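Undergrad:
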Amino acid sequence: MSEESQIRILIRPEPTELERQAIIKAMEQLWPSEPIQKLSTRWRFSGRWWSKQTDWEIDSKRWQ
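All the letters of the sequence shown, read from the start, carry residue numbers 735 to 798 under my numbering.
1) So, using beta-carbon positions, are residue 749 and residue 757 closer together than 8 Å?
2) Just checking: is the beta-carbon of residue 760 within a distance shorter than 8 Å of some beta-carbon in chain C?
3) Report the rounded CA-to-CA distance for residue 759 versus residue 771, giving the unit in angstroms.
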């Protein structure tokens, strides 16, 4: 497994060095890795769909 990994594995009975390498290699291939999340650079509309659309000219005339 990678050096970044924090998983500690104890194998009993103690395997030989070749067996240990084979077990670790198999675990690297079979262990589910976290998918790399790509950040979207697509522009998103920041308005809220539930907000009321107001016509500011009409709205300002109401208060006069």
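All C-beta atoms, glycine included, are put in the ideal place defined by N, C-alpha and C. In this text the structure is predicted, and so the values were computed from the model without any measurement.
TA: Let me spell this out:
1) yes
2) Among the chains of the structure shown, chain C does not appear; only one protein chain is present.
3) 25 Å
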